[in-house]
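Q:
In the numbering used here, the protein residues as written are 94 to 222.
1. In the DSSP assignment, what are the bridge partners of residue 117?
2. By Cβ distance, which residues of its chain are closer than 8 angstroms to residue 181, with the 5 residues on each side in sequence left out?
3. Could you compute how far the alpha carbon of residue 141 sits from the alpha carbon of residue 178?
4. Give me the residue from 191, 200, 183 with the minimum Cα distance to residue 102.
5. Of all the alpha helix (DSSP H) runs that stay within the bounds of the segment 157-204, which reach a length of 4 or more residues?
6. Below 7 angstroms CB to CB, which residues in the same chain sit around residue 132 once its five sequence neighbours on both sides are set aside?
7. With a CB to CB cut of under 7 angstroms and the five nearest residues on each side skipped, what residues in its chain are close to residue 160?
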């Protein structure tokens, strides 16, 4: 089991403690050759998906980073087959200097739509700090 999965398990339990219906490793959408597995899915009481949460570990971020685009591609283009209104990203920061990572992430995400590795029809419309 990857450490990211343990983090996701903890966060899923936290969401459940808050009263959300949260499932982890839900099979939906598409991956390269199979059905994709979202990290966390929030559902209504009837089981209808409300939001997808894609989580990943990040230790550094520069202009040539591919980790961020890869995960956002999965979230926005592969996993969300229902066209949900709101999806979220959780970043497990593992950098020695958090402020440097955060500032570099802001620069990267602000320029996301021009990144060649960020593909698909859905583009970033806004970013909230």
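C-beta atoms are modelled at their ideal positions from N, C-alpha and C, and glycine is treated no differently.
A: With the structure as the only source:
1. Answer is 133, bridged to residue 117.
2. The answer, listed in chain order, is 144, 145, 146, 147.
3. Near 13 angstroms, if we compare the C-alpha coordinates of residue 178 and residue 141.
4. When 191, 200, 183 are compared, the shortest CA-CA separation from residue 102 is found for 183.
5. Runs found: 160-166, 191-203.
6. Cβ within range, chain order: 101, 117, 146, 147, 148.
7. Same-chain partners within the cutoff: 149, 151.
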